[in-house]
Amino acid sequence: MADLDDLREGTDYSGATTTENGFHLKGQSGQDWGLRARLSRVFDPADGKTVMLAFDHGYFQGPTSGLERLDRSILPLVPQADALMCTRGALRTTIPADNGKGIVLRASGGPSVLKELSDEELAVSIDDAVRLDAAALAVQVFVGGENETKSIKNMTTLVDQGQAAGIPVLAVTAVGRDMVRDARYFRLATRISAELGASFVKTYYVEDGFETVTSACPVPIVIAGGKKVEEKEALRVAYRAIQEGAAGVDMGRNVFQSEHPAAMLSAVRGVVHDGLTPDEAFDLFETLSH
Ligand code: R5P
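Put into structure tokens, the structure is as follows:
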């Protein structure tokens, strides 16, 4: 066992990342062809960025606000997303097979909001993921949580299965209610996920030190949108995250709970792919909303 008496927090996160060997995603140039091809269906090869539309919330929340009818709320948004993050149930029942998007398939689940959320198991077989032509598999990791080891085991099992099939794994760092959401915590959670095999990691943006989270993580990071806030604020967070090294956003509630979801998704695309500032993106949102 490693010596725990001298755990020193890292301090040097500076400098540009050297990498890539021609592939557009950090840390992924050594992966097999099929895995890189699938990643290229999630992240646009033109700029290495992604706007993922997340609507997998029903796997533990049921029909939450904005997702009561996936056919009405989500289908109109599909053309504007780079990738869709959803369950296999939503995919088979609601999403047309000719949608042309990278599918990031929710692959863990079990407990509902009525129970201990960290008690997840793997919830999709690799055979079914292949059958669904998944571009990536998403699994929750609860670093520091009650079921930390179990959730990491879920992830490493999925990575083993995914590597064999050429399907990348997205580790979703889930934060328990009593955990501090700071850069130190997210450096720990994202780095553990990458070191143990995730091809990309989803985490939350933090105001102080987010650039150390992205620089210390050897694979791309996408940020979760989090709870619904004013559109301008959500666009500001997306902008800051991209400026500080994120490779995209995986946004749900701040899109589908907006009064103008299509306009919001366009504005988010403007930030992620076109370098719009938050003010420019909000102007775009307002123009499209009217
Ligand atoms: C949560 O674990 C789910 O994976 C959601 O897809 C994720 O939190 C992103 O959605 P939101 O932007 O609503 O936070």
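Mapped onto our numbering, the consecutive letters of the sequence shown carry residue numbers 122 to 411. C-beta atoms are modelled at their ideal positions from N, C-alpha and C, and glycine is treated no differently.
| Item | Value |
| --- | --- |
| Among V340, V350, V264 and T185, the one whose alpha carbon lies nearest that of G82 | Lying before the first or after the last residue shown, residue 82 is absent from the chain, which here runs from 122 to 411. |
| Limits of the alpha helix (DSSP H) - the one that F377 falls within | R374 to F377 |
| Distance, L243 Cα to I273 Cα | 11 Å |
| contact_flag[the stretch 346-355, the stretch 315-323] where n(CB pairs < 8 Å) is 3 or more | no |
| Rounded distance between the beta-carbons of S186 and P382, thought under 8 Å | No, P382 and S186 are not in contact; Cβ-Cβ is about 12 Å, not under 8 Å. |
| Straight-line gap, A259 to T408 (C-alpha atoms, nearest Å) | 34 Å |
| Option nearest S229 by Cα separation, candidates Q261, D254 and L235 | Q261 |
| For R298, three-class secondary structure by DSSP | coil |
| Rounded straight-line distance, which links the Cα of T214 to that of D192 | 9 Å |
| Sequence-ordered residues whose beta carbon comes within less than 5 Å of a heavy atom of the ligand R5P | A175, D177, A345, G346, G347, M372, G373 and R374 |
| Q149 versus R390, R357, Q284 and A255, residue with shortest Cα-Cα distance | Q284 |
| Residue environment, Q282, which counts as buried when at least 16 other CB atoms sit within 10 Å | buried |
| Distance between V280 and G396 (C-alpha atoms, nearest Å) | 33 Å |
| Own chain, CB closer than 8 Å to Y89, minus 5 neighbours either side, in chain order | Limits of the chain in this structure are 122 at one end and 411 at the other, which puts residue 89 out of reach. |
| Uninterrupted beta strand (DSSP E) stretches inside the stretch 242-269 (no shorter than 3 residues) | 257-262 |
| D165 - DSSP class collapsed to helix/strand/coil | strand |
| Inter-stretch contact at 8 Å, needing at least 3 Cβ pairs: the stretch 390-405 / the stretch 211-225 | no |
| N-terminal and C-terminal residue of the alpha helix (DSSP H) that F403 is part of | P399 to S410 |
| Per-residue DSSP class, three states only, for G396 | coil |
| DSSP bridge partner residues for T324 (one or two, in chain order) | I344 |
| Top-ranked residue by Cα proximity to R209, from D203, A218, Q201 and A202 | A218 |
| Simplified DSSP state of D371, which is helix, strand or coil | strand |
| 7 Å Cβ cutoff met for V370 and A384 | no |
| C-beta atoms of A388 and N375 nearer than 7 Å | no |
| Cβ pair M372, G346 closer than 7 Å | yes |
| For E241, the nearest candidate out of E267, L253 and A257 (CA to CA) | E267 |
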